[in-house]
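These notes are about the structure you will find just below.
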Amino acid sequence: MEALVYFVIWGVFIFLMMRMGCGSHVMGHSHRHGGAGEEKGQDAERRQDLKWYPPAEDIDPVCKKQVRTADAKPSVYEGYVYYFCSRECRELFETKPDLYVGQSDDASNPRLEAHNA
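Under my numbering, the very last position in the sequence shown is 139; numbers go up by exactly one each time.
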């Protein structure tokens, strides 16, 4: 019976420590430090406001056809979204994307996000 009482006492103690954050809230510890911490929060809010809109049309890198992005099959490779006319073209691209990326006539210019805008 004595062991049960000790078990209950330790259980209540551990529960209270976990519930109160090991005393940090009792002592008035605040998580707001100001300065750089608030700036990070503002940056996160700004990033949530950013939206990405796909172009209306793009060129399939496998068969070089122009495709409407609303009907196309997309795939992401190295941070870029590529659009395909069919599932077969997308599967060919996904097996060996290096064969199809960078085959444009203007290979000296890197592809930018605003390229299709």
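In this text, a Cβ means the ideal position worked out from N, Cα and C, and glycines have one as well.
Since this is a predicted model, take the numbers as computed values, not measurements.
Rounded to whole angstroms, R41 and I31 show a C-alpha spacing of 15 angstroms.
For the pair K118 and F106, the CB atoms are not nearer than the 8 angstroms cut-off. If you draw a straight line from the Cα of T91 to the Cα of S108, it comes to about 12 angstroms.
Collapsing the DSSP output to three states places D82 in coil. At least 8 angstroms separates the beta-carbon of E110 from that of S97. Under the three-state reduction of DSSP, V30 is assigned to helix.
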